[in-house]
Structures are given as C-alpha cells and as structure tokens.
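Chemist: Structure provided below as structure tokens; questions to follow.
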Amino acid sequence: MTHNADELTRRELLALGGAGAVTLATTGLGTSTAHAEDKKEDDTPQVPRRKLGKTGKSIPILLFGAAVDLDPRFDPKLAEALRYGVNYIDAADCYGGGTCESAVGNFHTRAKLRDKIWITSKSDAHDPAGFEKTLERSLKALKTDYVDMYYLHALKDGDYLNKDMAKTVERLKKAGKIKHFGFSCHSGTVVELMNKAAGLPWIESIMFRYNFRQYGNKELNDAIDKCAKANIGLIAMKTQGSEASFRTAWKKFEQTGKWNKHQAVLKAVWEDDRITAAVSHMDTMGKLRENIAAACDKDKLGALDRKALEQYAAATRNYACDGCDHICNARVDAPVQIGDTMRFLMYHDGYDEKDKALRLFKELPAEAQRLSGIDFRQAAAACPNNIDIVAHMERAAKLFNA
Ligand code: SF4
99 MTHNADELTR RELLALGGAG AVTLATTGLG TSTAHAEDKK EDDTPQVPRR
149 KLGKTGKSIP ILLFGAAVDL DPRFDPKLAE ALRYGVNYID AADCYGGGTC
199 ESAVGNFHTR AKLRDKIWIT SKSDAHDPAG FEKTLERSLK ALKTDYVDMY
249 YLHALKDGDY LNKDMAKTVE RLKKAGKIKH FGFSCHSGTV VELMNKAAGL
299 PWIESIMFRY NFRQYGNKEL NDAIDKCAKA NIGLIAMKTQ GSEASFRTAW
349 KKFEQTGKWN KHQAVLKAVW EDDRITAAVS HMDTMGKLRE NIAAACDKDK
399 LGALDRKALE QYAAATRNYA CDGCDHICNA RVDAPVQIGD TMRFLMYHDG
449 YDEKDKALRL FKELPAEAQR LSGIDFRQAA AACPNNIDIV AHMERAAKLF
499 NA
C-alpha cells in the first residue's frame, strides 16, 4: 500500500486503540493520496495546515503543547489530537518536571508512528556544548534518532545566536539529529531577538509570546513583518494572554455564544497570516476538542467577538504581564525576577497549575526567591501596564513561601 509519508492510514490509527479513546478514521495528514481502503471512514474533520516558513514543511495550525500532565505510558490526548490531524507535539527537556519527553517517546513507540509525528523539543542550555549535550539527552528520552525541530528554550540573550551555535546546528543537521532549528522566547527581549533572527539565514522558526493584548504593538508587529519576510516560520505561544488573579474576567465579556475565550483568542491569532500556527496548552480532552472545533470551523471572528476581546484586554491590562522585566527588575535593589515570578503567578491563577508554579519558582536562583521585605514601589511605578507589582509580589511571597 502506498501513501504519503505524513499521512496516517486507518490501519495505523486503529493500531493506537490500546488507549481506549481512539476509534479513528484517517487523519488525512498531508495531501490526500491514501489508498481507497484507508479512506472509507474519512469524515473526521481535519485541522488545516500551513507551511512553516523556510522549513518547507506543512504543520497543523493547532499544535499540542506538551507542558501538561501526560500519561507516561500512552497519553490518550495525544491520540485524540492525531485523530484530527494535530500531529505536532511541542515538548521540552524541562516540561512536566523532566517527564514530558519520555512520555512522548513512549507514545510514539507504542503507536509505531514516529515518522508521522512532528516532535519539537528544546534545550534550556543555550551555549553550543550545553545545547548538544541536552539534545543527546532529549533524543534518548524521546526514544528517537532525530527531532523535527530543536529550539533554544526561552532565549533571552541574543548573543547566543552566534557563529559557534550556527556551526553546531549545521553539524547536528548533517548528522541527522535535528531536522530544523530555531528558538522560543517570551521575555522582554522578544522584539530584539526577532529583529536579529531576521538577518540570520540559519534560524528557521521562532516560537514567541503573541496574543490579543499585543495586536497594537508596533515594534512587535514590525519584527513579525521582518521575520515573515525572511521566511522564518512563526509560531504563537501564550495566546491566552492570561493574567494573574482575574480568572473570571472573561465571563463579563463573552457575548456571542459562538466562541468561548480560549477559542476566540486562537481564532484571532490564526487570522494573522504571518503566523503559521499556535501552540496550545490542552490539559483536558474538553479543551483539546474545543480548540480543534475552533480550528476546523471556517467561520472568522465576528464583530461581537472582536469587541469582547478588546474590552477584555483593556479591563485586564493591569493584571497581565508582558515579561518586559528589564524595566521593573532594574528598579529594585535586589536580584528579583519579577517577570518570571508574574508568569508563575499566571500558572497558579490562570491555569490552576499550583504545583508547577511552585516548582518553577523554587528553581529560580535562591536570591531571586527572596521577596519579603523588599521595596517594589519604584518597579510598580515604572511598569507600562500599571501592574500592582507590590501586591503581586506580596501574594507570591505568601503563595510560594518566599
Ligand atoms: S511587571 Fe510590568 S514591567 Fe515588569 S515584566 Fe511585567 S509588564 Fe513588564
């Protein structure tokens, strides 16, 4: 039987059945050249696909963010995602407290579908030697000879995008260990990093913080334009634009009945054709199916949805941190990390991931964990979003016992 290399046959999908959640038709990944026998139940809607910049590869517009609890043996959410064509898994060496990659490895080996699944992983080490060492560890945990994409994870300092790193990437590609390379970023240096990357032909993809709160940000939009022109594949993350301590705010603004907030913010990102895909944190089957439904539905956001997003962004602006902590950290007479601490508060409040928030906070350098008795008033005065940093750091000190 012949079929497109990216395409899952009905037989392959049925072979996933041990998860109990999978009674699948074909996913129709890639162009539709499947054998007739594989197409007879081909009525499962498929998430649309777009080309990821200079990689030349087609990926779904909705990506499975694997920074969620995964069944270590065989995760049914991953199987359900595949059913609808979401065959891109976004992993990292540190996700799930270091368990994510082995869960993904166990999933694809049991499913026997390595060549049908795009696996991205990331290194928290940003120097060439550390990057390569982390990659070797990732390959082992992922039970694979190669990753489709390997990122420098949460890059802040553009100096790491240097000639030594370019040479290392080239060598690892020649060795067949990585197919494509890029970086992820969500701190205050996103614009600077993107502008630099636009001039570096060896950067193939960037995953960056992008959501409805930033659509009017001219500097960011100019950087996105430059990267799109340089054919760098752009992936949006943190699309929910979540905020600390305002979990129910959206309810006030939801008014159309067509899309809930999680769907509306994804639709808004997908309408930007400079962006290839959005990675989404889908920790339940319910969220996964809602997001797939939004991706498969061709309807665009209506005027009411847009208005609701604008009102929501305005009302919650001073609860949502943009990660630009070069502004606020500099106003504090202690080595605190306000942007990261705000992000952990967001995990705690917005995503209800209390254990993860605490774990990540405890991974900060010891001196950055000391929040009590520190004067944050100047930092709050400097914050462009008028975030009440004093109150948030006080709360973080209590929640994280700092
Ligand atoms: S608290 Fe304000 S200044 Fe600090 S990182 Fe967040 S948005 Fe930027």
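In the working numbering, the protein residues as written are 99 to 500. Where is the CB? At the ideal position from N, CA and C, for every residue including glycine.
(1) For a cutoff of 8 Å on Cβ pairs, would you count Val-430 as touching chain C?
(2) Only counting runs of 3 or more residues, tell me where the beta strand (DSSP E) segments fall wholly within the stretch 164–207, in order along the chain.
(3) Verify whether the separation of the beta carbon atoms of Glu-199 and Ala-252 is less than 8 Å.
(4) If we count the other Cβ atoms within 10 Å of its Cβ and call it buried at 16 or more, is Thr-124 buried or exposed?
(5) Please list, in chain order, all residues with a C-beta atom less than 7 Å from at least one heavy atom of the ligand SF4.
(6) According to the Cβ coordinates, are Tyr-248 and Phe-279 closer than 8 Å?
(7) Is the Cβ-Cβ distance between Val-363 and Phe-310 less than 8 Å?
(8) Out of Lys-275, Thr-337 and Asn-293, point me to the one whose CA is closest to Ser-236's CA.
(9) Give me whichever residues DSSP pairs with Phe-306 in a beta bridge.
(10) His-446 by DSSP, collapsed to three states: which one?
(11) Buried or exposed: which applies to Gly-163, given that a residue is buried once 16 or more other Cβ atoms fall within 10 Å of its Cβ?
(12) Check whether the stretch 372–392 touches the stretch 321–339, taking contact to mean three or more Cβ pairs, one atom from each stretch, closer than 8 Å.
(13) When the Cα atoms are used, what is the spatial distance from Asp-141 to Ser-156?
(14) Which residue's Cα is closest to the Cα of Ser-219: Arg-171, Lys-261, Ile-304 and Val-430?
(15) Could you check the C-alpha separation between Ile-215 and Thr-207 for me, to the nearest Å?
(16) Would you mind stating whether Ala-464 and Val-434 have Cβ atoms separated by less than 8 Å?
(17) Can you give me the start and stop residues for the alpha helix (DSSP H) that Pro-226 sits inside?
Modeler: In short, the structure shows the following:
(1) Of the protein chains in the structure, only one exists, and it is not chain C.
(2) With a minimum length of 3 residues, the continuous beta strand (DSSP E) runs that stay inside the stretch 164–207 are 186–188.
(3) no
(4) Low confidence applies to Thr-124: its pLDDT is 32, below 50, so where it sits in the model is not reliable enough to give any reading.
(5) Those residues are Gly-286, Cys-419, Asp-420, Gly-421, Cys-422, Asp-423, Ile-425, Cys-426, Ile-436, Gly-437, Met-440, Ala-477, Ala-480, Cys-481, Pro-482, Asn-483, Ile-485 and Ile-487, given in chain order.
(6) yes
(7) yes
(8) Per the Cα distances, Lys-275.
(9) Its beta-bridge partners are Cys-283 and Ala-334.
(10) Helix.
(11) Flag for Gly-163 reads buried.
(12) In the pairwise beta carbon analysis, the stretch 372–392 is classified as touching the stretch 321–339: at least three pairs are separated by under 8 Å.
(13) Near 21 Å, if we compare the C-alpha coordinates of Ser-156 and Asp-141.
(14) Ile-304
(15) 11 Å
(16) no
(17) Unbroken alpha helix (DSSP H) run through Pro-226: 226–240.
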